[in-house]
Amino acid sequence: MENREEVPFNVTRELLIAISNLLPDIVIVETSCISNGSIMASGDRTEDFRTQLMSISSTQSSEAVVVMSFAIGIFAIYCLLKRANDLFHTSKFSSKEYNIPPGDMSLPFIGNMFTFFTTFKYGAPDSFISYFTSRYGQGGMYKAFMFGTPSIIVTKPQVCKKILMDDDNFELGWPKSVLNLIGKKALHGITSQEHKRLRRITTSPIKGKHALSLYLGLIEEVVKSSFEKWNVIEEKPIKFLSEMKKSTFEVIIRIMIGSEIDPQWLDMVEKVYTIYLKGFLALPINLPGFAYHRAFKEEQEEIVKRRLPDSDKKLSYDEIRQMKYLTKVIDETLRCSNVTLAIYRNAKRTINMNGYTIPKGWKVLTWIRQVNLDPNNHVNPKEFNPSRWDDDEAKTFSVFLPFGAGPRLCPGAELAKLEVSVFLHYFLLNYRLERLNPKTSVTYLPIPSPTDNCLARLKRISSSCQ
Numbered sequence: 012m013e014n015r016e017e018v019p020f021n022v023t024r025e026l027l028i029a030i031s032n033l034l035p036d037i038v039i040v041e042t043s044c045i046s047n048g049s050i051m052a053s054g055d056r057t058e059d060f061r062t063q064l065m066s067i068s069s070t071q072s073s074e075a076v077v078v079m080s081f082a083i084g085i086f087a088i089y090c091l092l093k094r095a096n097d098l099f100h101t102s103k104f105s106s107k108e109y110n111i112p113p114g115d116m117s118l119p120f121i122g123n124m125f126t127f128f129t130t131f132k133y134g135a136p137d138s139f140i141s142y143f144t145s146r147y148g149q150g151g152m153y154k155a156f157m158f159g160t161p162s163i164i165v166t167k168p169q170v171c172k173k174i175l176m177d178d179d180n181f182e183l184g185w186p187k188s189v190l191n192l193i194g195k196k197a198l199h200g201i202t203s204q205e206h207k208r209l210r211r212i213t214t215s216p217i218k219g220k221h222a223l224s225l226y227l228g229l230i231e232e233v234v235k236s237s238f239e240k241w242n243v244i245e246e247k248p249i250k251f252l253s254e255m256k257k258s259t260f261e262v263i264i265r266i267m268i269g270s271e272i273d274p275q276w277l278d279m280v281e282k283v284y285t286i287y288l289k290g291f292l293a294l295p296i297n298l299p300g301f302a303y304h305r306a307f308k309e310e311q312e313e314i315v316k317r318r319l320p321d322s323d324k325k326l327s328y329d330e331i332r333q334m335k336y337l338t339k340v341i342d343e344t345l346r347c348s349n350v351t352l353a354i355y356r357n358a359k360r361t362i363n364m365n366g367y368t369i370p371k372g373w374k375v376l377t378w379i380r381q382v383n384l385d386p387n388n389h390v391n392p393k394e395f396n397p398s399r400w401d402d403d404e405a406k407t408f409s410v411f412l413p414f415g416a417g418p419r420l421c422p423g424a425e426l427a428k429l430e431v432s433v434f435l436h437y438f439l440l441n442y443r444l445e446r447l448n449p450k451t452s453v454t455y456l457p458i459p460s461p462t463d464n465c466l467a468r469l470k471r472i473s474s475s476c477q
């Protein structure tokens, strides 16, 4: 009886020791790796796991070894499936003429999506990319399996720009779920020739100084009336982001359609949009209290003083262009908030770029969030510092891609900045915002947004500059 128990025990123990010696080639990634906003280095996890195996192999408890053997079997299947998924997609590119970027394609069908959703859901969005950079180096290109497709993640700004500006080798690569929502004839979903024609039609009314100057009065009217409406209900909290969306929609619709909008219809548009895209831009700062508020407000007051005593005069486009500090605040907010997580492309043909091969048909994700928060691109990247735009401005803008790049650059970029400029001008001079939940958590999918929709009270402040 003893011999029958001793044989499987010894065999299992030897199996554990053998597996422990193979572990350096195994990548261990699981949700428990997420700690304090970062993913624990997989090498440390592997070493810990190896130590545990060796410890168990030296015990005399056959029950413990059997349980561990079962776990090892499951883990071995997991590693085998990962390896099979990688070989299935990369084996045809094994010759020396190809150099697929390093990376981890994880399990078949699921790929890296479980880790992706987990890190973003639990407030550690940068952990996803940190895993690739810590394990596979700072090459800036990594293979992965995203949205059901073999993919290349790109984090180097120069390579991102090349890809976004190259319509000959790359086409739109948005996930099918996105294309189903926006429609095949939206700007995000049409081919290059169709895109050029439709882009000319849609952007001509909102591009350039002359066009934007025509709509400046309309934007002012909407912004001021919105503030007055919110101020009437001063004691009642408002969902500030929802109200901001309504104001933004009103400007866009009145520009495109040229008519007044029924408030009830505007409410419906906002609700539909929220369902369509849950979330909106979450400002990373509390404007009335942040360190640059005084300098920012002084600039706005100076603009107003120049046109006194005619204080009812409306803003001009040239005056907005003079608000240099305001422009820096907007750009820094765009950089820190990372509304655009990534921009998607598909490779039309196999192409070599930055020393690596991008196979035909693979999805390419230009990871804009990493470009904005990489310390190699920006000093102290998680610090909100508008003054960074004073230093080596050309270099800073070379790694700044909030609206994308190339022929598919966001057509509403200039209009968006103009709206924000007008809004901040009147807000800083006349109002302050009191958030009810200043420490509320932030959700990062599909875009950063406070979970309470920025519940706040808007209060008018006394000011000589109206």
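In the working numbering, the protein residues as written are 12 to 477. Beta carbons are placed, not taken as given, at the ideal position from N, Cα and C, and that holds for glycine.
Give me the DSSP bridge partner(s) of residue i.
i	result
GLY114	LYS154
ALA467	ILE249 and ARG446
PHE181	ALA358
MET364	TYR367
LYS374	SER162 and ASN357
GLY148	DSSP output for GLY148 lists no bridge partner at all.
SER460	THR454
GLY122	LEU118
Can you grab the Cα-Cα spacing for the pair residue i / residue j, in whole Å?
i	j	result
THR338	TYR109	44 Å
PRO459	ILE331	27 Å
LEU209	ARG94	44 Å
ARG211	TYR328	23 Å
GLN275	THR344	31 Å
THR361	PRO392	34 Å
ASN357	LEU444	43 Å
LEU352	ARG380	5 Å
ILE266	ALA87	60 Å
CYS90	SER117	9 Å
VAL40	PRO248	Any answer about VAL40 is weak, because its pLDDT of 39 lies below 50 and its placement is not dependable; what the coordinates show is given next. Distance between the alpha carbons of VAL40 and PRO248: 43 Å.
PHE81	LEU92	17 Å
PRO457	PHE127	12 Å
SER106	ASP115	19 Å
VAL189	THR368	27 Å
TYR336	GLU313	12 Å
ILE272	ILE230	14 Å
ILE264	LEU277	10 Å
ASP402	LEU225	33 Å
PHE99	MET124	18 Å
LYS240	PHE434	14 Å
LEU223	THR202	28 Å
Determine the contact status of residue i and residue j, defining contact as a CB-CB distance below 8 Å.
i	j	result
VAL262	GLU394	no
VAL234	SER258	yes
PHE104	ILE111	yes
THR144	PRO136	no
GLY84	VAL453	no
VAL410	PRO168	yes
MET79	LEU376	no
SER432	MET334	yes
ILE164	TRP378	yes
LYS250	ASN464	yes
LEU469	TYR442	yes
LEU447	LEU466	yes
GLY417	LEU198	no
PRO113	TYR147	yes
Report buried or exposed for residue i, applying the criterion of at least 16 other Cβ atoms within 10 angstroms of its Cβ.
i	result
MET152	buried
GLN71	At GLN71, the pLDDT of 49 sits below 50, so the modelled position is not reliable; the number obtained from the coordinates is stated separately. Exposed is the call here.
LEU183	buried
THR462	exposed
ASN96	buried
ASP385	buried
ASN349	buried
HIS389	buried
PHE181	buried
LYS374	buried
ARG471	exposed
VAL340	buried
GLY122	buried
ASN387	exposed
GLU281	buried
PRO161	buried
Less than 8 Å between CB atoms is the rule here; does residue i satisfy it with respect to chain D?
i	result
ASP401	Considering every chain present, this structure includes no chain D. It has just one protein chain.
Looking at the ligand GDP, does it come within less than 7 Å of residue i, judged from the CB to the closest heavy atom?
i	result
LEU420	By its list of ligands, the structure shown contains no ligand whatsoever, and the ligand GDP lies outside what it can speak to.
Problem - Segments of 3+ residues assigned as beta strand (DSSP E) that fall wholly inside the region 194 to 249 - result: The qualifying runs do not exist here; there are none.
Handout entry: Every unbroken alpha helix (DSSP H) inside the region 254 to 287 [4 residues or more]
Key = Listed in chain order, they are 274 to 287.
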